[in-house]
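J.: Protein chains in written order, with this note's numbering: chain C, 1 to 335; chain L, 336 to 842. Ideal placement from N, C-alpha and C gives every residue a C-beta, glycine not left out. If you scroll down you'll find the structure; I have some questions about it.
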Amino acid sequence: MKSKKETFLQFSKSLPRKPYFLSMIILIFFFIMLGFIGRNYYSAYNLTTKFRLWMPLLLVALGQTFVILGGGLDMSVSSLLALVNVVTVRLLMSLSGSPFQVPIAILAGIGVGITAGFVNGLLVTYLRLPPLISTYGTQIVWGGLALRVLHQSGGEVPFSWYTVYSSTFLGIPFSVYLLALLLLGVYYLKRTGFVTQLKACGGNIHGAYESVLPVNKLRIQSYMLCGFFASLAAICIVAETVTGNPLSGSGYELESISAVALGGTSLAGGAGGFLGSILGAIVLKLINDVIFFAGLGVNYQVLAQGLIIILALAAGGQLTKQNTSRAQLKRRKKV
Amino acid sequence: MVVCKATGVSKRYGEVVALDNMNFSLQESEIHYLVGVNGCGKSTLCKIIAGVVAPDAGELEIEGVPVSLMSPNEAKRRGIAVVYQELSLIPQLSIEENIMLGIEPREKSLGLVDRKASTETALHYLGYFKNVLPLDEEYVKQTVADLPIDEQQIVEIAKALARKPKIIIFDEATASLHKQQVDAFFSILRELKSVGVSTIVISHKMEEITEIGDRVTIMRSGKLVNTVAVKDVTGDQVIHMMVGDKELLERKRAHMDFKDVETVFQVNGLTGKRIRDVSFHLKKGEILGLGGLQGQGQTEVLLALFGSIPFEAQSVELGGKPVDLSTTVKAMDHSLAYISGDRKKAGVFSERPIFENIIISSLIKFNRKVFSRKRMNEEILPLLSQIRTTFGKLSDPANSLSGGNQQKIVIGRWLMTKPAILLLDDSMKGIDVGATKEFYDIMHTLCDAGMSVIWHSSEDLELLNNTDRVLVFDSGQIVDELVGERLNEVELYRAALDSRKKHIAVE
Ligand SMILES: Nc1ncnc2c1ncn2[C@@H]1O[C@H](COP(=O)(O)OP(=O)(O)OP(=O)(O)O)[C@@H](O)[C@H]1O
Ligand SMILES: [Mg+2]
């Protein structure tokens with residue numbers, strides 16, 4: 001048996017080769033910076049508020065990771081957020097007074113998310129449409145549906161939603177528990193081999209087919225999981241804003257994809273992981289804060305944000321290259 | 336008992352007829368060789384049996400039971416496993432994950448993958464190759480993309496074995512394996528036979544058939560020529576059935592004296608990864624072989640000269656003038672060309688049309704925006720048809736070709752750059768006997784016209800029969816030089832092994 005110390009040493013040695021290494025470094029750097037320039041950044045109040053605001057992106061990025069690992073892409077998550085948002089709010093309003101108001105609204109929201117993912121999955125597998133185009137199409141469709149359900153912002157959401165969502169237990173916010181629970185679920189899927197099989201589809205779809213994997217089923221499931229995570233994100237947004245908004249998710253599709261890429265997952269599919277996407281999403285959110293506290297003029301904030309993302313992605317690519325040559329070097333030494 | 340029977344199977348791809356009313360039957364626990372020239376339909380037949388490709392017509396019976404619609408799933412249920420010619424591995428996953436993909440052992444309670452059992456099973460099936468691989472738990476965690484092609488091939492074999500098949504198909508599984516690895520592979524075949532597994536083996540290496548085959552089926556242009564017991568035929572007869580009435584002459588390059596010929600290429604003190612202080616010269620029109628045991632730095636020397644891997648050298652002179660070969664483009668500018676046998680990694684752009692695959696290097700070398708279709712039609716296409724390349728249209732993607740024909744396209748590409756010095760690195764991998772002989776002829780003709788060749792091959796006879804001189808490599812060094820009378824197998828093995836003994840004595 002290995003001792004704990006040995007295991008730890010081995011882990012820290014392998015760290016630079018982890019896909020999320022880069023986003024981790026940037027994250028630590030940002031956190032240190034914010035410690036200096038961010039006034040009171042580390043107060044408990046600020047951190048819990050921040051985390052709540054990050055939550056939707058974290059969730060969408062997790063869902064997006066499934067799809068990207070399986071060799072796909074989901075551009076429709078943004079308007080799916082809006083659709084789930086308005087469906088939930090409409091149901092809350094029409095069921096107001098019923099004892100099942102809340103569970104029905106939440107389950108229906110999740111149901112819409114999973115169904116939308118299923119439709120995306122069917123389009124890219126059985127109809128063989130390219131993911132980028134077909135999910136761009138469904139993005140427009142979900143958006144249109146959302147406007148049909150609620151044509152402008154508004155609607156009554158019980159304030160208890162916000163109270164629960166912003167509550168803390170033992171000093172830890174509700175959203176952290178929710179995320180932990182979901183990560184446990186992701187870990188379970190990893191240990192059942194689902195994620196590996198999904199990576200196989202993304203890495204070499206012919207090979208996966210020849211290895212008798214249920215390729216279509218796996219890819220559809222990845223889109224359904226993405227829909228599931230997106231619907232949870234939408235519900236978090238409802239709880240945070242306590243109102244409905246048919247345009248609430250705009251920008252999330254590209255932001256989630258950037259988070260996944262920053263986290264070291266290959267956009268071509270087949271390689272990467274979930275922890276990276278979480279770190280990548282937080283990095284994206286922190287960029288804004290860092291720029292803000294650095295005192296950069298408003299006019300430069302967007303520019304700086306774009307440059308940092310490109311730099312981080314470029315550094316990530318460099319790192320992958322180094323790791324490949326390192327692996328090859330290691331082999332050579334052995335031979 | 337007949338375990339697998341295909342009757343009247345046909346398959347067309349557009350204009351190309353891959354299989355034409357083909358019949359095939361496999362007996363229980365036999366080793367059945369399936370041979371034929373490139374593009375005759377061997378891989379297609381296997382894919383139909385494996386359910387990956389649907390036939391246009393014909394019937395399939397497994398263990399006497401007709402199968403109406405074969406699918407990969409159906410094939411798996413009936414115990415059929417395949418080692419694919421173009422490998423079905425997932426490059427991003429580890430060796431273990433690849434071997435256990437879709438057959439992960441599970442713990443009872445939660446349906447989680449039993450990681451310990453998974454590693455053990457992977458190691459168990461790789462264990463047949465324990466003499467040629469550094470097997471341990473760390474080894475199986477490596478990413479497949481980092482493995483050299485021969486080890487990838489071994490992983491693919493282990494993957495098929497791990498499916499505990501009753502029928503197993505090896506599509507050119509030995510094409511990338513070294514001698515020792517092939518021996519390990521043969522012991523697998525024998526063991527499978529002894530436990531009643533039936534195997535179909537596709538190979539272009541004729542000597543394998545007599546060594547281990549029970550029966551052999553010969554195909555030509557998608558049709559069955561004959562199925563015979565191996566003991567009833569000679570290798571020559573098999574080859575004749577493969578190619579039809581065409582004459583196949585055993586031609587050997589005449590010994591020539593290069594003493595007074597000008598030296599075109601001179602390398603002194605070449606050093607790099609796996610290369611230690613290599614010096615040699617190459618005369619105009621000469622074919623220089625790089626021999627010895629496998630993996631002794633021969634490939635690296637070629638890669639270094641082609642600017643693909645970094646190296647240091649006291650001097651590299653081309654036509655008496657020092658040259659800089661540090662990048663591939665520079666090497667191409669100096670009219671070097673390199674043909675790799677690892678077509679997947681270093682050869683074919685599989686999604687691109689065939690003609691793009693042919694012209695790409697010439698476009699780069701001659702720095703042209705347009706290419707001369709005339710030159711391609713008049714010079715390269717005849718060459719390709721001489722090495723019997725068959726394809727539908729030039730605009731078809733390269734992956735529509737059979738494995739051997741893809742390799743021929745790569746050869747065509749580099750010959751089109753009009754190289755003065757051609758570097759061959761096991762370039763005949765996956766190419767059938769007839770076409771290989773034609774290729775030798777082309778080499779000899781081009782060398783008579785002034786081209787020089789540096790040729791590395793894992794087939795010793797290929798080297799000995801086609802070169803004027805062989806440098807024997809060991810641990811990255813040249814340990815001997817064979818010329819004239821010494822160009823024979825005995826001398827080659829002795830040279831390769833002698834230095835081994837000395838090494839051991841010193842250490
Ligand atoms: N997917 C495809 N699309 C179009 N044509 C194809 C396809 N697959 C195979 N072919 C054609 O079918 C014919 C038979 O190919 P196959 O791969 O069965 O040959 P093979 O006998 O395995 O040859 P090799 O020894 O070179 O591997 C070839 O002419 C090939 O070009
Ligand atoms: Mg083939």
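Mind checking whether the beta-carbon of Lys-476/L lies closer than 6 Å to any heavy atom of ligand 1?
T.: No, the Cβ of Lys-476/L stays beyond 6 Å of every heavy atom of ligand 1.
J.: If you drop the 5 nearest sequence neighbours on each side, which residues of the same chain put their C-beta closer than 6 Å to that of Arg-52/C?
T.: So the list reads Ser-175, once near-sequence residues are dropped.
J.: My assumption, with CB atoms under 8 Å, is that Ser-429/L sits in contact with Val-475/L. Please give the rounded CB distance.
T.: Confirmed, about 7 Å.
J.: Is Val-599/L near ligand 1 - that is, is its Cβ less than 6 Å away from at least one heavy atom of it?
T.: No, the beta carbon of Val-599/L sits no closer than 6 Å to any heavy atom of ligand 1.
J.: Compute the distance between the beta-carbons of Asp-761/L and Ser-792/L, then report whether it is under 7 Å.
T.: Yes, the Cβ-Cβ distance between Asp-761/L and Ser-792/L is below 7 Å.
J.: Does DSSP classify Tyr-20/C as helix, strand or coil?
T.: Coil, per DSSP.
J.: Could you please give the first and the last residue of the uninterrupted beta strand (DSSP E) stretch that includes Leu-83/C?
T.: No beta strand (DSSP E) holds Leu-83/C; the alpha helix (DSSP H) holding it covers 77-94.
J.: Which residues bound the alpha helix (DSSP H) around Gln-101/C?
T.: Element bounds for Gln-101/C: 101-125.
J.: Determine which residues share a DSSP beta bridge with Leu-395/L and list them.
T.: Paired residue(s): Ala-341/L, Val-402/L.
J.: Any beta carbon of chain C sitting closer than 7 Å to that of Glu-842/L?
T.: Confidence at Glu-842/L is low in this model, with a pLDDT of 38, below 50, so its placement is unreliable and no value can be given for it.
J.: If you measure from each residue's Cβ to the nearest non-hydrogen atom of ligand 2, which ones come out under 7 Å, in chain order?
T.: Chain-ordered list of matching residues: Lys-377/L, Ser-378/L, Gln-420/L, Asp-506/L, Glu-507/L, Ile-537/L, Ser-737/L, Gly-738/L, Gly-739/L.
J.: Taking 7 Å as the CB-CB cut-off, is Glu-6/C touching chain L?
T.: No - not a single Cβ of chain L is within 7 Å of the one on Glu-6/C.
J.: Excluding the 5 residues preceding and the 5 following Glu-652/L in the sequence, name in chain order all residues of the same chain whose CB lies nearer than 6 Å to its CB.
T.: Gln-601, listed in sequence order.
J.: What residues from chain C crowd round Tyr-419/L, counting only those whose CB sits closer than 7 Å?
T.: By Cβ distance, chain C contributes Glu-210.
J.: Please confirm whether Tyr-223/C and Gly-121/C have their CB atoms less than 7 Å apart.
T.: Taking 7 Å as the Cβ cut-off, Tyr-223/C and Gly-121/C qualify as a contacting pair.
J.: Answer yes or no: do Ile-813/L and Val-613/L have a C-beta to C-beta separation smaller than 7 Å?
T.: Yes, they are a contact pair.
J.: Between the segment 738-757 of chain L and the segment 673-683 of chain L, do at least 3 Cβ pairs fall closer than 8 Å?
T.: With the cut-off at 8 Å, the segment 738-757 of chain L and the segment 673-683 of chain L touch.
J.: If the cut is a Cβ gap below 8 Å, which residues of chain C does Gln-812/L touch?
T.: Simply none; closest approach about 16 Å.
J.: Cα-Cα, which of Gln-362/L, Lys-340/L, Ser-364/L, Gly-371/L is closest to Ala-353/L?
T.: Ala-353/L has its Cα closest to that of Gly-371/L, out of Gln-362/L, Lys-340/L, Ser-364/L, Gly-371/L.
J.: Along the alpha helix (DSSP H) that carries His-206/C, what are the first and last residues, could you check?
T.: His-206/C -> alpha helix (DSSP H) spans 205-210.
J.: Under 7 Å between C-beta atoms, does Pro-407/L make it to chain C?
T.: Chain C contact via Cβ: present.
J.: For ligand 1, I want to know if Cys-375/L counts as a neighbour, meaning its beta carbon is within less than 6 Å of at least one of the ligand's heavy atoms.
T.: Cys-375/L: yes, Cβ under 6 Å from ligand 1.
J.: How close, in whole Å, do the beta carbons of Val-807/L and Asp-815/L come, if the pair is a contact with beta carbons under 8 Å?
T.: The Cβ separation is near 4 Å, so the contact holds.
J.: For Ile-547/L, I'd like the list of residues in its chain whose CB is within less than 7 Å of its CB, leaving aside the five on either flank, ordered along the chain.
T.: So the list reads Ile-366, Phe-521, Leu-524, once near-sequence residues are dropped.
J.: Quick check on the DSSP output: the alpha helix (DSSP H) that includes Gln-152/C runs from which residue to which?
T.: Careful: Gln-152/C lies outside any alpha helix (DSSP H) and carries neither H nor E.
J.: Which of the three DSSP states, helix, strand or coil, is assigned to Asn-848/L?
T.: This structure gives no information on residue 848/L, because the portion of chain L shown stretches from 336 to 842.
J.: Counting only C-beta atoms, is Lys-451/L closer than 7 Å to chain C at any point?
T.: Closer than 7 Å: no.
J.: Let me know the secondary structure DSSP gives Leu-583/L once reduced to three states.
T.: For Leu-583/L, the pLDDT reaches just 48, beneath the cut-off of 50, and the residue's location in the model is therefore unreliable, although a value from the coordinates is still provided. Three-state result, Leu-583/L: coil.
J.: So if I threshold CB-CB distances at 8 Å, which residues from the segment 190-201 of chain C count as touching chain L?
T.: So the close ones are Arg-191, Thr-192, Gly-193, Thr-196, Gln-197, Lys-199, Ala-200.
J.: In whole angstroms, give me the CA-to-CA distance for Val-84/C and Gly-272/C.
T.: Taking the straight line joining both Cα atoms gives about 28 Å.
J.: Does any residue of chain L have a CB that is nearer than 7 Å to the CB of Leu-15/C?
T.: Not closer than 7 Å to any Cβ of chain L, the Cβ of Leu-15/C fails to qualify, so no.
J.: Got a sec? Which residues, its chain only, sit under 6 Å from Val-326/L by beta carbon, not counting five neighbours each side?
T.: Residue 326/L lies beyond the range of chain L shown here (336 to 842); nothing can be said about it.
J.: Using the beta-carbon of each residue, which ones in chain L are nearer than 7 Å to Ala-271/C?
T.: The answer, in chain order, is Gln-427.
J.: Distance cutoff 7 Å, beta carbons only. Does Asn-204/C sit that close to anything in chain L?
T.: Taking Cβ atoms only, chain L reaches closer than 7 Å to Asn-204/C, which makes this a yes.
J.: Less than 7 Å between C-beta atoms, sequence neighbours within five positions excluded: which residues of the same chain meet that for Thr-135/C?
T.: So the list reads Leu-73, Asp-74, Met-75, Ser-76, Asn-120, once near-sequence residues are dropped.
J.: So, do the segment 139-150 of chain C and the segment 85-96 of chain C have three or more beta carbon pairs nearer to each other than 8 Å?
T.: Contact between the segment 139-150 of chain C and the segment 85-96 of chain C is present, because at least three Cβ pairs lie under 8 Å.
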